[in-house]
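In this note's numbering, the protein residues as written are 1 to 352. To start, the structure itself, in structure tokens.
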């Protein structure tokens with residue numbers, strides 16, 4: 001394999017094509033919202049999901065299987081970097097940055113919203129809505145959507161990049177992961193096309209995450225201060241602008257300063273919230289719920305992983321499971337690139 005370390009500057013072709021496509025898409029959404037909604041409904045919910053939902057189901061389980069194989073095989077000892085290279089970041093900061101990038105806003109939003117929604121409308125044939133059985137199913141599916149599968153998707157993408165970047169000296173670009181298939185063509189038009197599509201896919205993933213975060217903050221402020229109507233719309237715009245500005249500033253400041261500090265702060269606040277709820281809330285019930293839900297999740301992992309609702313109403317699978325798998329996959333180019341960047345010196349087993 002030819003080792004080729006490309007310049008880490010901006011590729012004008014990738015940058016401008018991706019920027020123009022993104023600007024056109026955003027303008028379309030702002031100026032012609034109904035048109036964009038109609039196209040999305042036709043492409044996603046009327047064609048892609050009904051006909052290719054099974055692809056998301058099988059591929060996600062494939063990512064999980066492949067990740068476990070790498071973790072427990074002889075390849076798990078391979079170090080991402082020099083043989084004696086030490087990790088660039090402490091384990092605590094490394095985990096904090098991974099969770100902040102991979103879960104972050106979504107986990108805070110759906111951590112409460114999803115179990116409540118599943119309890120009121122559980123998957124068909126599992127339990128009666130609003131019952132204790134529905135509560136158990138709700139927790140199991142919440143674990144299912146936020147535990148092994150998403151991290152397996154991120155791991156495969158991040159590991160493919162980290163291996164070629166730190167072991168083969170190649171650029172930290174999504175196209176690098178396709179080197180075994182395309183060879184040196186990843187440095188040409190095909191590679192640039194892959195990188196453009198990865199940026200565009202990241203746009204969808206980040207839009208979902210940013211939208212959920214803005215919605216949660218906006219609703220919280222509305223509940224406290226009673227904003228409504230145009231005030232609520234204006235507040236949502238301000239929230240999105242502030243979150244975007246914070247993201248840009250943290251990115252400009254670099255991984256070692258802004259991003260690591262924000263991630264560590266997020267971890268501290270999350271642990272504080274967890275301890276507070278554990279101590280102040282129904283502690284024994286929390287422990288019992290966690291234990292029973294974890295056991296149910298592990299026992300039903302395989303059936304849930306292959307559930308396509310072929311013989312029942314598929315509304316739950318399409319609205320939740322396939323939505324999540326598509327979201328994680330669209331977010332994987334960004335998260336995978338970031339995880340690869342911060343994982344130098346880790347072994348594949350640690351990485352997975």
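Idealized CB from N, CA, C, for every residue including glycine.
Check: Under a three-way DSSP split, which group does residue 79 fall into?; Outcome: strand
Check: Of the residues 108, 270, 139 and 162, which one's Cα is nearest the Cα of residue 117?; Outcome: 139
Check: Can the beta-carbon of residue 327 be found less than 8 Å from the beta-carbon of residue 131?; Outcome: no
Check: Run through the region 32 to 89 for me and flag every whole alpha helix (DSSP H) of 4 or more residues, listed as ranges in chain order.; Outcome: 33 to 40 and 49 to 72
Check: Which whole-angstrom value describes the C-beta separation of residue 162 and residue 338, a residue pair presumed to lie in contact below a C-beta threshold of 8 Å?; Outcome: Their Cβ separation, rounded to whole angstroms, is 11 Å, which puts residue 162 and residue 338 out of contact at 8 Å.
Check: Do you know how far the Cα of residue 258 is from the Cα of residue 252?; Outcome: 8 Å
Check: In whole angstroms, what is the alpha-carbon distance linking residue 195 and residue 149?; Outcome: 24 Å
Check: By DSSP, does residue 347 sit in helix, in strand, or in coil?; Outcome: strand
Check: At what residues does the alpha helix (DSSP H) containing residue 126 begin and finish?; Outcome: That residue, residue 126, is in no alpha helix (DSSP H); it is neither H nor E in DSSP.
Check: Any chance the region 235 to 247 sits against the region 211 to 222, with 3 or more Cβ pairs inside 8 Å?; Outcome: yes
Check: Considering Cα atoms alone, identify which of 204, 144 and 268 is closest to residue 57.; Outcome: 144
Check: Under the criterion of a Cβ to heavy atom distance below 7 Å, does residue 203 qualify as lining the ligand SAH?; Outcome: No copy of the ligand SAH occurs in the structure displayed, which carries no ligand at all.
Check: How big is the Cα-Cα spacing for residue 334 and residue 104?; Outcome: 14 Å
Check: Is the separation between the beta-carbon of residue 250 and that of residue 237 shorter than 8 Å?; Outcome: no
Check: Please look up how many angstroms separate the CB atoms of residue 24 and residue 348, rounded, as I've assumed it's under 8 Å.; Outcome: Not quite, the Cβ-Cβ distance comes to about 40 Å (not below 8 Å), so this is no contact.
Check: Across the region 22 to 37 and the region 276 to 287, are there enough close Cβ pairs to call them in contact, namely three or more that are closer than 8 Å?; Outcome: no
Check: Terminal residues of the continuous alpha helix (DSSP H) containing residue 195?; Outcome: 189 to 225
Check: Could you tell me if residue 42 is buried or exposed, where buried requires 16 or more neighbouring beta carbons within 10 angstroms of its beta carbon?; Outcome: exposed
Check: Give the single residue among 93, 39 and 147 whose Cα lies nearest to the Cα of residue 106.; Outcome: 147
Check: Counting only the same chain and skipping the five closest in sequence on each side, list residues whose C-beta sits under 7 Å from that of residue 255.; Outcome: 341 and 342
Check: Under a Cβ-count criterion, where at least 16 other Cβ atoms within 10 Å of its own Cβ denotes burial, should residue 218 be classed as buried or exposed?; Outcome: buried
Check: Using DSSP with H/G/I as helix, E/B as strand and the rest coil, what is residue 258?; Outcome: helix
Check: Quick one: using the 10 Å Cβ neighbour count with 16 as the cut-off for buried, is residue 2 buried or exposed?; Outcome: A caution first: residue 2 carries a pLDDT of 48, below 50, which makes its placement in the model too unreliable to give a value.
Check: Taking the alpha-carbon of residue 66 as reference, which of 154, 99 and 101 has the nearest alpha-carbon?; Outcome: 154
Check: For residue 119 and residue 134, which I take to be in contact (beta-carbon distance under 8 Å), what is that distance rounded to the nearest angstrom?; Outcome: 5 Å
Check: For residue 73, count the other beta carbons within 10 Å of its own beta carbon; 16 or more makes it buried, fewer makes it exposed. Which is it?; Outcome: exposed
Check: To the nearest angstrom, how far is the alpha carbon of residue 346 from that of residue 167?; Outcome: 12 Å
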